[in-house]
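Worksheet for the structure shown next.
There are 2 protein chains.
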Amino acid sequence: MELTNWLEKRVRLSPKRTALVFDGKQETFSEIYDAVQKVAGQLASFGVRDGMFVALLGKNDRDTFLMLHALQQLGTKTVFLNNRLTATEMGYQIRDARVERCLYAADFADVMANAAGDVRAVAFTEVMMAESSGVTQAVSHFPMETVASIMYTSGTTGKPKGVMQTFGNHWWSATGSMLNLGLQEGDSWLCAVPIFHISGLSILMRSVIYGIPVYLEEHFDAKRVDQFLRSGEVTIISVVTTMVQRLLDTYTKSYHPKFRCMLLGGGPASKAILESCFAKGIPLIQSFGMTETASQIVTLPPEDALQKIGASGKPLFPAEVKISDQDEILLKGPNITAGYLHNEAATQAAFDANGWFRTGDIGYLDQDGFLFVQERRSDLIISGGENIYPTEIEHVLLEYPTVLEVAVVAKQDDKWGEVPVAFLVTTKETSEEQLHQFCEERLAKYKIPHQFHFLDELPKTASQKIQRHKLKKL
Amino acid sequence: MELTNWLEKRVRLSPKRTALVFDGKQETFSEIYDAVQKVAGQLASFGVRDGMFVALLGKNDRDTFLMLHALQQLGTKTVFLNNRLTATEMGYQIRDARVERCLYAADFADVMANAAGDVRAVAFTEVMMAESSGVTQAVSHFPMETVASIMYTSGTTGKPKGVMQTFGNHWWSATGSMLNLGLQEGDSWLCAVPIFHISGLSILMRSVIYGIPVYLEEHFDAKRVDQFLRSGEVTIISVVTTMVQRLLDTYTKSYHPKFRCMLLGGGPASKAILESCFAKGIPLIQSFGMTETASQIVTLPPEDALQKIGASGKPLFPAEVKISDQDEILLKGPNITAGYLHNEAATQAAFDANGWFRTGDIGYLDQDGFLFVQERRSDLIISGGENIYPTEIEHVLLEYPTVLEVAVVAKQDDKWGEVPVAFLVTTKETSEEQLHQFCEERLAKYKIPHQFHFLDELPKTASQKIQRHKLKKL
């Protein structure tokens, strides 16, 4: 099963519709298509070709937007690098994915220099000044089973794994979302979440499939976004909890009636935030999803949002959710990842015998079929929309000579929702500064514990399992 | 690839939304689901079971609506019988499809008695008064490759062929249509086209997939429909040309602003009708499709409707159209039929070597990619939305003892768009009445020629092919 190359199809169907609004400039699908074709030709002259793994290190801007579409035109499998990672972290992903070319925005030249290793790294500027290979390189079709993008998540092992997202995953995610949220004339989607995360990338995919504009924002600027929501230019926005809080802080007058959906992902909102949104008539739609589900898979439909505060909602039409005997939330559907890149063991472990994807999260379904998430997988910490896996930080800290035992847990934070804090047992006195510096060299800034607490011993169960819930209370 | 049983999924997602409005009565998905489950249990007690071919002879009413959903719940392959056919015509389809059960509405008891032959025929009333088998019979999933419905079309050979429509065909048709027409809160679709045709059945499938109400009308009553369109209750309607004409004749004041799409299928509209609609602000969207494409596959998107009068439009996002070297219109896409039932030869003939479906229609694509249909397959006659294949009528007339040669062609008609007329060469004098009576016994009323013209010889090419275009001029 394959569909015509989506961007090519879209430009044939509606060349004059707006595709991208960035930095105040509007471009139609026809203009974007031409720009993308040019970049594709230039990329081809650097040896980028069908089936190749290519790492992309950019930000939420037009250049990165063109690059990712150009890579898709060429049939590459794009490895999206989180631009907040350290060179060590990126280097791991580049090697694990067997990347053959790295593309990077100028801002990230230094980190890329340390991350790329033997792999050829090319700056966006270099690509865009190159001669085109001259050949029409675009793939004619996007086969549903073909991997389009790879995004790394750490998961329980602490070792990052490359989540493979196929064209089919993106397609079903987009159409599943459409069946839930509808598609109206004049729709447009604001993207201030990172496009190296599935929350951002999925907006760009929907734009092409739906034929609607993306309002791409380099940073989340609450005042700018507030203006967009009041103007009626933007009808849908994807947000994480911290963004909602900042929007509420900025809020002075009603949003435009055309603004119809604030899609909340990346962790739950507090009841206070939810109620504040409802009081202001903000159409907040909660959702539950992960990199492995190609964005939201469970959402609260508009008609139920008021009755079921605290719920994640119901699965999209093409998807299914069930609860295992161990209360684990299991998922099925055509938007769920094909598995982890070059990691058959992790892939097998992620699915049960009947093909259900194991989220690792604990939850239940109420009598009306609404999903409630009670406890998140592997004590996942969600900080400003970024997923942080305690084990990854713990592994780094355990490498420090004096650290004997360590446990990282979430702490509530007004600004970020949650932040990581570390509890340690050391062989001799160790300073916070030393540990902080050690982490800085090895971990993205948002993963570095905000506090280091030194204990004589960590609370444990009889079977020597660390009792994280006890640490959280401290 | 399979999805959860659609009706079951829909009732879990939005039990309280309206599913059906019939005869002034509204029912929710929850109420419909319960009614359907009951009927499914009753049908099971008549031996109806998963994988069985079951013929359905009903009309546009609640009973037929429940029956077809109940059959889908049970996993049968439903053969939709056109209720205007003669017993002979129906009998052919029942036997060709190897039907094991026939279900019929009371109105059609006589014709069914003559059509069913050895096959067990059960009246709806009998089903609905039966005890339920008591067992939950519903299939859990609708596999995309499984045949859900069969509808007969005659085609060029004159021998009706059963078009197999899979769940995947219906799904992709519905989502392709949604990507084109959007899906808005408050949408509802009026169905006054027969549900034994794909134009009607596809509305019922969309209702379940989208979660919107069907306004099911037993007959097309222009005054009633006019009221629906003015009230804002109905936002989309599917029509054929004769219906548009009758609506225009009835039109007194503007339709409601929420009414957003009059989807025209089953043959082209005259320029006069199109212009009249545009003048009145009626959102007429032309389309091109066939039983084999599970409804519209090419439509005029709203933004192009005014600029491209006379065009059929562009293919839906998941579909493709191209023109062969012989100017034949070829189609590809996941909404296209799996083939003809029990007829491998016809299936093979319908697709070219690269899997493109051969429409038999002649046309071209303009420089902007819009499809224009120039000449229809096998001189197809479209009369009030019904497809009539001249060869089928010709075969019947050739059985009459005195008929030597015959050709049936379309004649323009103010009420029906087109009607069939016959040109004959006979061995001795024959009356119109005799021929009319002969046809009445063998052909559905709408297929009977409105005129019989007697000629000394039919106009032919050097290679003895009848020149139909010359007859049309007569």
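Line order of the protein sequences matches chains A and B. With this note's numbering, the residue at position 441 of the first sequence is 447, and numbering never jumps. With this note's numbering, the residue at position 306 of the second sequence is 312, and numbering never jumps. Yeah, the Cβ is synthetic: ideal placement off N, Cα and C, and Gly gets one too. Note that this is a predicted model, so its numbers are computed, not measured.
Run down chain B in chain order and give the residues with a C-beta less than 7 Å from the C-beta of residue i.
i	result
A/M557	Residue 557 of chain A cannot be examined here, being either before or after the span of chain A that is shown, 7 to 480.
A/M7	P340
A/Y216	L185
Which residue's Cα is closest to the Cα of residue i: the options?
i	options	result
B/K314	B/Q292, B/Y261, B/L322, B/M184	B/Q292
A/A93	A/V220, A/E463, A/R448	A/R448
B/A416	B/E392, B/Y406, B/V402, B/V431	B/E392
B/Y406	B/H442, B/P396, B/S389	B/H442
A/V42	A/Y370, A/V17, A/G217	A/V17
B/K434	B/P426, B/E411, B/R212, B/P455	B/E411
A/A450	A/M170, A/T159, A/E95	A/E95
B/Q380	B/N349, B/I368, B/L222	B/I368
B/I206	B/P324, B/Y395, B/T70, B/T152	Residue identity check: residue 206 of chain B is Gly in the sequence provided, not Ile. The option with the nearest alpha carbon to B/G206 is B/T70.
A/F234	A/V246, A/H203, A/S194, A/I201	A/S194
A/G81	A/L87, A/V54, A/E106	A/V54
A/A154	A/M170, A/Q143, A/P166	A/M170
A/N349	A/Y158, A/P455, A/G57, A/G174	A/Y158
B/L9	B/H75, B/K476, B/W177, B/K44	B/W177
B/I218	A/I204, A/N186, A/G238	A/N186
B/L62	B/G174, B/T34, B/H203	B/H203
B/I472	B/L290, B/F444, B/V414	B/V414
B/D420	B/D255, B/L189, B/A25, B/A122	B/D255
A/V231	A/D29, A/M7, A/R474, A/K466	A/D29
B/G295	B/P289, B/I279, B/E326, B/D310	B/E326
So with CB distances below 8 Å, who are the chain A contacts of residue i?
i	result
B/M268	Those do not exist, as B/M268 stays about 16 Å from chain A at its closest Cβ, beyond 8 Å.
B/E326	T10
Buried or exposed, going by whether 16 or more other CB atoms sit within 10 Å of the CB of residue i?
i	result
B/K31	exposed
A/Y39	buried
B/E191	exposed
A/T131	exposed
B/Y370	exposed
A/D482	Residue 482 of chain A lies beyond the stretch modelled for chain A, which goes from 7 to 480, so this question has no answer here.
A/P538	Outside the shown range of chain A, which is 7 to 480, sits residue 538 of chain A, and nothing can be said about it.
B/A112	exposed
B/T408	exposed
B/M135	exposed
B/S20	buried
A/N66	buried
A/K277	exposed
B/S160	buried
B/Q373	exposed
A/H75	buried
B/E446	exposed
I want to verify the contact list: residues of chain B whose CB lies under 8 Å from the CB of residue i, in sequence order.
i	result
A/R18	K320, G375
A/K314	Within chain B, no residue comes near A/K314; the closest Cβ sits about 13 Å away, beyond 8 Å.
Which residues of chain A have a Cβ atom closer than 9 Å to the Cβ of residue i, listed in chain order?
i	result
B/T181	T181, M184, L185
Just the chain A side, please: which residues come within less than 7 Å of residue i by C-beta, in chain order?
i	result
B/K15	F323
Contact defined as beta carbons within less than 8 Å: I believe residue i pairs with residue j. What is the distance between those atoms, to the nearest angstrom?
i	j	result
B/K83	B/F59	5 Å
B/K328	B/V304	With a Cβ gap of about 12 Å, B/K328 and B/V304 do not count as contacting.
B/V240	B/Y216	With 8 Å as the limit, B/V240 and B/Y216 do not qualify as a contact, their Cβ atoms being about 14 Å apart.
A/I243	A/M268	5 Å
B/S301	B/F378	Between B/F378 and B/S301 the Cβ distance is about 20 Å, and since that is not below 8 Å, they are no contact.
A/E424	A/I399	Not confirmed; about 13 Å, so no contact.
B/L487	B/V199	There is no way to answer for residue 487 of chain B, as the model of chain B reaches only from 7 to 480.
B/K479	B/I394	The pair is not a contact, with the Cβ atoms about 20 Å apart (cut-off 8 Å).
B/P324	B/G97	Their Cβ separation, rounded to whole angstroms, is 37 Å, which puts B/P324 and B/G97 out of contact at 8 Å.
Worksheet item: Are the region 121-130 of chain B and the region 144-153 of chain B touching, with three or more C-beta to C-beta distances below 8 Å?
Response: no
Worksheet item: On the three-pair Cβ rule with 8 Å, is the region 455-469 of chain A touching the region 426-433 of chain A?
Response: yes
Practice prompt. State whether the region 87-104 of chain A contacts the region 251-259 of chain A, with contact taken as three or more CB pairs (one from each stretch) at a distance under 8 Å.
Written response: no
Discussion item. Taking 8 Å as the cut-off, does the region 224-242 of chain B touch the region 76-92 of chain B (at least 3 CB pairs, one atom from each stretch)?
Written reply: no
Discussion item. For the structure I just gave you, are there three or more beta carbon pairs, one from the region 354-365 of chain B and one from the region 329-336 of chain B, closer than 8 Å?
Written reply: yes
Discussion item. Counting beta carbon pairs with one atom in the region 280-287 of chain A and one in the region 241-258 of chain A, are three or more of them shorter than 8 Å?
Written reply: yes
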